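Peer 1: Please see the structure below; I have some questions.
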Amino acid sequence: MSSSISPALLSRLSAFVEARMGLHFPAKRWPDLQRGIRTAAEEFGFEDAESCVRWLLSAPLSRPQIEILAGSLTVGETYFFRDKKSFKTLEEHILPPLIAARRDTGRRLRFWSAGCCTGEEPYSLAILLSRLLPDAREWDITIFATDINPRFLQKAAEGVFSQWSFRDAPPWLQERYFTKTEAGRFALLPQIKRMVAFSYLNLAEAAYPAPLNHANVIDVILCRNVLIYLAQEQSRKILAHFYRSLQEGGWLSVSPAEASHLLLSEFIPTPFPDTTFYRKGGLPLPPLIGAPTAVGERIAPAPPRVSLQEPTSPKPSKPAPPAEAEAPPPPLGYADAVQRARDSADQGRLADALKWCDQAIAADRVKPGGHYLRATILQEQGDLDEAVRSLKRALYLDHEFVLAHFALGHLTRQQGKTKESQKHLANALLLLRDYPPDDILPESDGMTAGRLSEIIASLEDSGTAP
Ligand SMILES: C[S@@+](CC[C@H](N)C(=O)[O-])C[C@H]1O[C@@H](n2cnc3c(N)ncnc32)[C@H](O)[C@@H]1O
């Protein structure tokens with residue numbers, strides 16, 4: 084099927100898909116939308132894609148229609164222990180105090196992997212939990228795992244994976260938690276499989292089923308690499324929903340590329356040494372393993388470590404290592420190095436992103452954008468002091484760099500430097516007056532002047548204390 088779809092119809096289709104499924108297809112992604120809809124049209128039994136689109140637009144989408152569309156419009160990239168830094172933060176900072184607090188109060192833990200794809204993310208969490216809790220059988224643990232794509236869910240529930248799902252996994256994973264099938268695939272142990280409950284959920288739906296509704300029952304939500312595909316307005320609603328689903332003091336993890344979606348939410352960004360998590364409520368930070376917990380208990384004995392970062396045996400050979408892993412990197416020009424840095428950051432590979440960003444700065448030291456990008460990566464790594472230094476360099480090179488003023492205001496606010504923060508936010512607002520509200524701000528990846536003004540106003544409304 085090769086017939087092309089008129090831009091007017093594609094525009095209506097993208098608005099429709101955004102409203103019903105949350106999926107964001109701006110004009111630059113229309114080629115993806117067109118490709119996806121052609122595949123779906125074949126599945127719906129249409130000879131040409133345009134008639135299929137008209138048919139879809141003619142009535143509200145039914146669940147089977149959404150499922151078929153999801154099968155061709157969603158991105159299914161995932162693997163075990165993707166973004167090790169988040170799992171390390173869970174292992175070292177988030178789960179130990181949570182486990183200690185619940186040990187004597189019901190031994191109940193609830194997790195939610197939203198946009199779980201083929202299951203690697205919730206199963207990684209299940210494996211981590213079973214390692215942290217040798218007495219896991221005496222606990223009431225549920226990991227809810229939801230997705231809009233029924234094919235992904237079916238594969239997830241089967242629990243059988245190819246080598247590709249282990250492309251960045253620690254070597255012990257396959258040995259201890261999987262059995263090899265005759266077809267050379269890897270079947271997850273039943274006791275781990277049982278910890279995860281998969282179900283269909285379109286996050287863009289107005290109401291979620293229990294217990295993922297407003298029930299304040301969830302301890303930790305992982306919604307990683309999902310919001311990047313969704314429209315900002317849908318993300319806002321979904322985040323409000325997550326907020327209500329979480330217990331007071333509960334946690335949300337998103338990927339670094341999605342952090343900007345959280346700016347207008349109620350979540351409190353909480354930087355850890357390796358990454359930032361987002362918290363409901365302003366409870367004190369959980370202490371490190373072995374230190375007194377938020378509820379005044381001491382965690383003992385120290386749980387077995389998963390040691391994602393330091394494998395004990397050599398890693399299995401990986402198929403097709405990412406380009407960023409090649410050493411030494413070729414000397415690139417400013418624009419190419421910036422692009423590499425952005426791509427790496429989008430995929431959560433922050434050390435690579437920093438390396439590329441430093442290369443961009445070396446290629447052109449007087450471009451303020453390079454220093455700004457460096458600051459955003461450092462912030463994500465939790466190195467706020469160095470991020471502040473990079474932002475000051477960016478402003479030294481361009482006093483009118485609105486986003487750098489804003490970022491500095493946001494960062495110094497997190498550092499508790501209220502006066503300094505207010506000064507930078509005021510500077511940003513002053514500069515924003517010169518922009519028409521619909522203008523896209525330089526270095527912003529699509530943020531308009533009007534929207535940034537709203538964000539600053541909401542930060543000011545929510546008080547000055549960090
Ligand atoms: C790139 S995968 C991320 C998988 C996993 N969270 C990770 O980080 O490895 C994105 C997932 O989001 C799901 N998704 C996209 N839109 C959704 C929606 N409206 N509701 C629920 N899931 C959605 C897709 O089907 C896909 O499985």
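Residue numbers (this note's numbering): 84 to 549. Backbone N, C-alpha and C fix where the C-beta goes; we use that ideal spot for every residue, glycine too. Computed from a predicted structure; not experimentally measured.
Check whether the Cβ of ALA287 sits closer than 8 Å to any heavy atom of ligand 1, and report yes or no.
Peer 2: yes
Peer 1: At the level of alpha carbons, what is the spacing between ALA443 and LEU208?
Peer 2: One C-alpha to the other measures close to 36 Å.
Peer 1: How close, in whole Å, do the beta carbons of SER536 and LEU512 come, if the pair is a contact with beta carbons under 8 Å?
Peer 2: 7 Å
Peer 1: Is LYS500 helix, strand or coil by DSSP?
Peer 2: coil
Peer 1: Residue range of the beta strand (DSSP E) that GLY332 falls in?
Peer 2: Counting along the chain, the beta strand (DSSP E) containing GLY332 begins and ends at 329-336.
Peer 1: Counting only C-beta atoms, is ASP251 closer than 9 Å to chain D at any point?
Peer 2: Going by chain labels, chain D is absent from the structure shown, which holds only one protein chain.
Peer 1: In chain order, what residues of the same chain lie with their CB nearer than 7 Å to the CB of SER527, ignoring the 5 residues before and after it?
Peer 2: LEU486
Peer 1: Write down every uninterrupted run of the alpha helix (DSSP H) in the segment 92-146 whose length is 4 residues or greater and which is fully enclosed by it, in chain order.
Peer 2: 113-127 and 132-140
Peer 1: Based on the DSSP output, what are the partners of TRP195 in its beta bridges?
Peer 2: Under DSSP, TRP195 takes part in a beta bridge, and its partners are PHE227 and ILE304.
Peer 1: Closest to VAL205 by C-alpha separation, out of ASP218, ILE275 and TRP255, would be which residue?
Peer 2: Residue 205 is actually Pro in this sequence, not Val. Out of ASP218, ILE275 and TRP255, ILE275 has the C-alpha closest to the C-alpha of PRO205.
Peer 1: So, are the CB atoms of ILE321 and LEU286 less than 9 Å apart?
Peer 2: yes
Peer 1: For PHE484, which residues of its own chain have a beta-carbon under 8 Å away from its beta-carbon, when the five flanking residues on both sides are left out?
Peer 2: PRO451, TYR455, ALA477, LEU478, PRO525 and GLU526
Peer 1: Count the other C-beta atoms from every protein chain shown that fall within 10 angstroms of the C-beta of THR459, then say buried if there are 16 or more, exposed otherwise.
Peer 2: buried
Peer 1: In this structure, does DSSP put PHE325 in helix, strand or coil?
Peer 2: helix
Peer 1: Rounding to the nearest angstrom, what Cα-Cα distance links ASP131 and VAL309 in this structure?
Peer 2: Their Cα atoms are separated by approximately 30 Å.
Peer 1: Pairing CB atoms from the segment 185-195 with CB atoms from the segment 244-257, are three or more of them under 8 Å?
Peer 2: no
Peer 1: Residues bridged to VAL449 by DSSP?
Peer 2: Paired residues: none, contrary to the question.
Peer 1: Have a look at ASP435, GLY333, SER282 and MET530 and flag the residue whose alpha-carbon is nearest the alpha-carbon of LEU173.
Peer 2: GLY333
Peer 1: Answer with buried or exposed for GLU180, where buried requires no fewer than 16 other C-beta atoms within 10 angstroms of its C-beta.
Peer 2: Sequence inspection shows Pro at residue 180; the Glu mentioned does not correspond to that position. PRO180 should be labelled buried.
Peer 1: Could you tell me if ALA266 is buried or exposed, where buried requires 16 or more neighbouring beta carbons within 10 angstroms of its beta carbon?
Peer 2: exposed
Peer 1: Name the DSSP beta bridge partners of ALA280, please?
Peer 2: PHE227
Peer 1: Does the beta-carbon distance from LEU305 to SER473 come in below 9 Å?
Peer 2: No. Outside cutoff.
Peer 1: Less than 6 Å between C-beta atoms, sequence neighbours within five positions excluded: which residues of the same chain meet that for THR303?
Peer 2: Sequence inspection shows Val at residue 303; the Thr mentioned does not correspond to that position. These residues qualify, in order along the chain: PHE194 and TRP334.
Peer 1: With a threshold of 16 other CB atoms inside 10 Å of the CB of VAL100, please say whether the residue is buried or exposed.
Peer 2: buried
Peer 1: Taking HIS324 as the reference, give the member of ARG268, ALA340, GLU288 and LEU415 with the closest Cα.
Peer 2: GLU288
Peer 1: Roughly how many whole angstroms lie between the Cα atoms of PRO414 and ARG432?
Peer 2: 19 Å
Peer 1: Quick one: does the C-beta of PHE235 sit closer than 8 Å to a heavy atom of ligand 1?
Peer 2: yes
Peer 1: Between which two residues does the alpha helix (DSSP H) harbouring ARG259 extend?
Peer 2: Where ARG259 is concerned, the enclosing alpha helix (DSSP H) starts and stops at 255-260.
Peer 1: Please report how far the alpha carbon of ARG496 lies from the alpha carbon of PRO356, in whole angstroms.
Peer 2: 18 Å
Peer 1: Helix, strand or coil: how does DSSP classify TYR361 here?
Peer 2: Reduced to three states, the DSSP call for TYR361 is strand.
Peer 1: Among the residues of its own chain, which have a CB less than 6 Å from the CB of GLN317, if the five just before and after it don't count?
Peer 2: GLY105 and ALA287
Peer 1: At the level of alpha carbons, what is the spacing between ASN232 and ASP435?
Peer 2: When rounded, the distance between both Cα atoms is 31 Å.
Peer 1: Using only the heavy atoms of ligand 1, determine whether one of them is closer than 8 Å to the beta carbon of ALA197.
Peer 2: yes
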